[in-house]
Structure formats: structure tokens, C-alpha cells
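A.B. asks: Got a structure for you, questions after.
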Amino acid sequence: MLRLMDLINQLFPRSQNSRQDAKRRLQFVLAHDRVDLTPQILEQMRQEIMAVIARYVELDTDSVEFSLESDQRMTALVANVPIRRVRKEPTILDDGGDAPESSPQRDAEALESQPN
2 MLRLMDLINQ
12 LFPRSQNSRQ
22 DAKRRLQFVL
32 AHDRVDLTPQ
42 ILEQMRQEIM
52 AVIARYVELD
62 TDSVEFSLES
72 DQRMTALVAN
82 VPIRRVRKEP
92 TILDDGGDAP
102 ESSPQRDAEA
112 LESQPN
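Here the sequence shown stands for residues 2 to 117, where the numbers follow the working numbering.
Below, the structure written as C-alpha cells:
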């Protein structure tokens, strides 16, 4: 089970500027508290979003960044997803809503295991 700090470290890799890093982490924690999402749900959302995008484009999975940003009225999930190339044949969804022989979880796991 991922702890909140493990999730934060995954979503926000170490940077050279520790002040900015600490600020982003605090913003993430505050946004997380406002929306009341567990780290597991956030991780599942990240994997599913990446899986859907990966049906259409090849991703640079090492550079993907997700963050929660808040103002006084709302919280937004912001994704920075670098694209390597567009797929010639996107995976088409069938009538059931799932891709044939595919699921968001399997797609995300496949993305994570791909060499760069």
C-alpha cells in the first residue's frame, strides 16, 4: 500500500530546487485534503488516464507528471504527458466500452514495463 509520501515522490520526482519542491508537495497535500482522494485512488486514476492516452499515442512514461492544483473554489488534476509519436492505428473501443483484450490496468502496467 502506497503511503502519501511515496505517491508524492512518484508524482513529483526530485528536482534541483528544494524550495520549489517543498512548495509543490505542500500544494499537493492541501489539494489532496480538499478533494479527499486516497493515494490509491489517485494512483489508479493516473494509470487509467495514461492507459487511455496510450491507446492513441506513444508516451514518454519517465517524464509524465500529474499534480493537483487548487484555488479557493476548485481543485484540478493537471497532467503533463509528453508524447513520443502518434500511433498509426489507435486502439478502437468496442460496444462494451473496453478495448479488445485490453483494460486500463493492463495498459498502464504494459506502459510501466516498456523500456525507453
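Note that CB positions come from ideal geometry on N, CA and C, so glycine has one too.
(1) Quick check on the DSSP output: what are the complete alpha helix (DSSP H) runs of length 4 or more inside the stretch 50 to 76, in order along the chain?
(2) I need the boundaries of the beta strand (DSSP E) containing R88, first residue and last residue.
(3) Around the Cβ of R47, are there at least 16 other Cβ atoms within 10 angstroms (buried) or fewer (exposed)?
(4) Check the C-beta distance from P83 over to D61 and give it rounded, since I have them as a contact under 8 Å.
(5) Give the DSSP-derived three-state secondary structure of N81 in the structure shown.
(6) Please classify A23 as buried or exposed, where buried requires at least 16 neighbouring CB atoms within 10 angstroms.
(7) Count the other CB atoms within 10 Å of the CB of M51; is the residue buried (16 or more) or exposed (fewer)?
(8) Measure the C-alpha to C-alpha separation of Y57 and K89 and round it to an integer number of angstroms.
(9) Tell me the DSSP secondary structure of T18 in three-state form.
C.D. replies: Inspection of the coordinates gives the following:
(1) none
(2) In the sequence shown, counting from the first residue as 1, residue 88 sits at position 87. First-last for R88: undefined, no H or E at that position.
(3) For the purposes of this step, residue 47 is taken as the residue at position 46 of the sequence shown. Under this definition R47 is a buried residue.
(4) Counting from one through the sequence shown, the residue named residue 83 turns up at place 82. Counting from one through the sequence shown, the residue named residue 61 turns up at place 60. With 8 Å as the limit, P83 and D61 qualify as a contact, their Cβ atoms being about 4 Å apart.
(5) Taking the first residue of the sequence shown as 1, we reach residue 81 at position 80. Strand.
(6) The residue given as residue 23 occupies position 22 in the sequence shown. By the neighbour-count rule (16 or more Cβ atoms within 10 Å), A23 is not buried but exposed.
(7) In the sequence shown, counting from the first residue as 1, residue 51 sits at position 50. M51 should be labelled buried.
(8) Taking the first residue of the sequence shown as 1, we reach residue 57 at position 56. Taking the first residue of the sequence shown as 1, we reach residue 89 at position 88. Each residue's Cα considered, the two are about 8 Å apart.
(9) As a working mapping, residue 18 is identified with position 17 in the sequence shown. As written in the sequence, residue 18 is Asn, which differs from the Thr given in the question. Of the three classes helix, strand and coil, the one that applies to N18 here is coil, per DSSP.
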